[in-house]
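> Residue numbers (our numbering), protein chains in the order written: chain A, 1 to 216; chain B, 217 to 363.
Backbone N, C-alpha and C define an ideal beta-carbon position, used for all residues, glycine too.
Bear in mind the structure is a predicted one, so any value in this text is a computation, not a measurement.
Got a structure here, written out as structure tokens. Questions coming.
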């Protein structure tokens, strides 16, 4: 589920933080920059693992802050293909079952990947599995909040960096995995916030699906 | 910013859990600046990830149990990914093992699957609440009487 990613970056320490230990100041700046953010084609960054190398710090003309090139390792959430994960059902829609893991929300199980035969109940807005036994068909509901085990089938990275001046729209360079503050109201009502990192899963195998289905 | 290695190492849930718990302790001592706007993201992700991991088997593991577990798994010839998933999920049924181990029908016989479940159950600590609800059958076979 989690991997260690080696990265290099130049960290800027403003003068009012010069009294702090360099390692601590750099760790704080790196966490401020990367924690809870998605890096394109890497994954959701969780926290700093360690700092492997600190190069010399420089002060450039015009800026009182010090700039240090840092080699470090970061803990990133990046499940591998076919990995089994457990999450909770957030809600169901026509697009499929939306699953959340608390720290990561954008997991979708499309209708084709549900245990077949599956049906969408419009009134209650839940997907259900029409499980056939000798006694007849049981409808197993996939209710909100239920724990679900699924296999990762696909990962989709979207580059959500700001577009050029022609279609100028002020956006944050790295999209937060979980927004802590509500986003500013967009002028165009159609604007939908694309998730920078989505996972697609399947539950179409014995043992996958709601945990309660398989616990005897 | 440059990414040198996208996949330098895989981490088990236990390692991430330990790292985050230690970081939380460290930040608790430092006190004042963790509520600033810049630190909110770190706080959120730490809280949510710890909340998720504390409900998984990894919260009851220790470096010794992990080492013992991986040594006993050596003769089974499982891939790194499979051993990692066994460690993270602590499967208790054959169905779960079949999900984790690829082509388990060809690579493992039924006795080997049973043996694997037994080893997982013995070495990796389970959920104490779950174990109180279903007492182990060995306790009933114990011949000694207690006053």
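Do you know how far the Cα of residue 162 of chain A is from the Cα of residue 11 of chain A?
Distance between the alpha carbons of residue 11 of chain A and residue 162 of chain A: 22 angstroms.
> Could you name the residues of the same chain whose beta carbon sits closer than 7 angstroms to that of residue 34 of chain A, not counting the 5 residues immediately before and after it, in chain order?
The residues are 45 and 74.
> Check whether the stretch 53-61 of chain A and the stretch 96-103 of chain A are in contact - that is, three or more C-beta pairs closer than 8 angstroms.
The stretch 53-61 of chain A vs the stretch 96-103 of chain A: no contact.
> Restricting to Cα atoms, I'd like to know which of A:118, A:105, A:152 and A:109 is closest to residue 194 of chain A.
Nearest of A:118, A:105, A:152 and A:109 to residue 194 of chain A, Cα basis: A:105.
> From the DSSP secondary-structure annotation, give me the bridge partner or partners of residue 67 of chain A.
Beta-bridge pairing links residue 67 of chain A to A:12 and A:58.
> Mark residue 209 of chain A as exposed unless 16 or more other C-beta atoms lie within 10 angstroms of its C-beta, in which case mark it buried.
By the neighbour-count rule (16 or more Cβ atoms within 10 Å), residue 209 of chain A is buried.
> Can you tell which of B:324, B:301, B:326 and B:268 has its C-alpha closest to the C-alpha of residue 147 of chain A?
The shortest C-alpha separation from residue 147 of chain A is found at B:268.
> Quick one: measure Cβ to Cβ for residue 298 of chain B and residue 317 of chain B, integer angstroms, because I've assumed they're closer than 8 angstroms.
Going by Cβ atoms, the distance from residue 298 of chain B to residue 317 of chain B rounds to 5 angstroms, so yes, they are a contact pair.
> Can a CB atom of chain B be found closer than 7 angstroms to the CB of residue 84 of chain A?
True, the Cβ-Cβ gap to chain B drops below 7 angstroms.
> With hydrogens ignored, establish whether the beta-carbon of residue 10 of chain A is closer than 6 angstroms to any heavy atom of the ligand FMN.
As presented, the structure is devoid of all ligands, the ligand FMN included, so that no description of it is given.
> For a test of the three-state rule: what should DSSP assign to residue 230 of chain B, helix, strand or coil?
Correct three-state label for residue 230 of chain B: helix.
> Note down, in chain order, each residue of its chain lying with its Cβ closer than 6 angstroms to the Cβ of residue 212 of chain A, except the 5 sequence neighbours on either side.
So no residue of the chain qualifies.
> Measuring straight from C-alpha to C-alpha, what distance separates residue 76 of chain A and residue 133 of chain A?
Computed Cα separation, rounded: 43 angstroms.
> Determine the direct distance from the alpha carbon of residue 108 of chain A to that of residue 198 of chain A, and round the result to whole angstroms.
One C-alpha to the other measures close to 8 angstroms.
> I'd like the list of long-range same chain contacts for residue 125 of chain A, defined as Cβ closer than 8 angstroms, with 5 residues on each side in sequence excluded.
Excluding positions up to five away in sequence, the list reads 91, 92 and 93.
> Where does the unbroken alpha helix (DSSP H) through residue 256 of chain B begin, and where does it stop?
Element bounds for residue 256 of chain B: 256-269.
> Given residue 360 of chain B, which residues of its chain have a CB within under 7 angstroms of its CB, disregarding the five upstream and five downstream residues?
With a pLDDT of 48 at residue 360 of chain B, under the threshold of 50, the modelled position of this residue cannot be trusted, and the question is left open.
> Judging by CA-CA distance, which residue of A:101, A:103 and A:138 is the nearest neighbour of residue 117 of chain A?
Among A:101, A:103 and A:138, the Cα nearest to that of residue 117 of chain A belongs to A:138.
> Given a cut-off of 7 angstroms, decide if residue 31 of chain A and residue 228 of chain A are closer than it, judged by their beta-carbon atoms.
This structure cannot settle anything about residue 228 of chain A, because the visible part of chain A is limited to 1 through 216.
> When the Cα atoms are used, what is the spatial distance from residue 185 of chain A to residue 254 of chain B?
Only weak support exists for where residue 185 of chain A lies, its pLDDT of 45 falling under 50; the coordinates are left without a value.
> Report buried or exposed for residue 16 of chain A, applying the criterion of at least 16 other Cβ atoms within 10 angstroms of its Cβ.
It is exposed - the Cβ of residue 16 of chain A has fewer than 16 other Cβ atoms within 10 Å.
> What do you get for residue 264 of chain B, buried or exposed, if any count of 16 or more other CB atoms within 10 angstroms of its CB means buried?
It is buried - the Cβ of residue 264 of chain B has at least 16 other Cβ atoms within 10 Å.
> Comparing alpha-carbon positions, which option in A:121, A:196, A:154 and A:13 lies nearest residue 65 of chain A?
Closest by alpha carbon: A:13.
> Whose Cβ in chain B lies nearer than 8 angstroms to the Cβ of residue 159 of chain A?
In chain order: nothing, as chain B lies at least about 14 angstroms away.
> Please classify residue 123 of chain A: is it buried, with 16 or more other beta-carbons within 10 angstroms of its beta-carbon, or exposed?
Looking at its Cβ environment, which holds fewer than 16 other Cβ atoms inside 10 Å, residue 123 of chain A is exposed.
> Within 7 angstroms (strictly less), CB to CB, does residue 199 of chain A reach chain B?
No - not a single Cβ of chain B is within 7 angstroms of the one on residue 199 of chain A.
> Starting from the Cα of residue 256 of chain B, find the closest Cα among A:43, A:39, A:29 and A:40 and give me that residue.
Looking at the Cα atoms, A:29 is the closest of the given residues.
> Could you check what DSSP says for residue 108 of chain A in three-state terms: helix, strand or coil?
Here residue 108 of chain A sits in strand by DSSP.
> Along chain A, which residues have their Cβ under 7 angstroms away from the Cβ of residue 311 of chain B?
Those are 206, 207 and 214, listed as they occur along chain A.
> What first and last residue would you give for the alpha helix (DSSP H) that runs through residue 120 of chain A?
Counting along the chain, residue 120 of chain A falls outside any alpha helix (DSSP H), though it belongs to the beta strand (DSSP E) covering 118-121.
> Cα separation between residue 202 of chain A and residue 149 of chain A?
Cα to Cα, residue 202 of chain A sits roughly 9 angstroms from residue 149 of chain A.
> Can you find a CB in chain B that lies within less than 7 angstroms of the CB of residue 46 of chain A?
With 7 angstroms as the cut-off, residue 46 of chain A counts as an interface residue toward chain B.
> Is there at least one Cβ from chain B nearer than 7 angstroms to residue 142 of chain A's Cβ?
Closer than 7 angstroms: no.
> Using the DSSP secondary-structure output, state which residues sit across from residue 137 of chain A in a beta bridge.
DSSP output for residue 137 of chain A lists A:132 as bridge partner(s).
> Could you tell me the distance, in whole angstroms, from the CA atom of residue 294 of chain B to the CA atom of residue 50 of chain A?
Looking at the two C-alpha atoms, the distance is approximately 29 angstroms.
> Of the residues B:323, B:327 and B:308, which one's Cα is nearest the Cα of residue 338 of chain B?
Here the closest residue by C-alpha is B:308.
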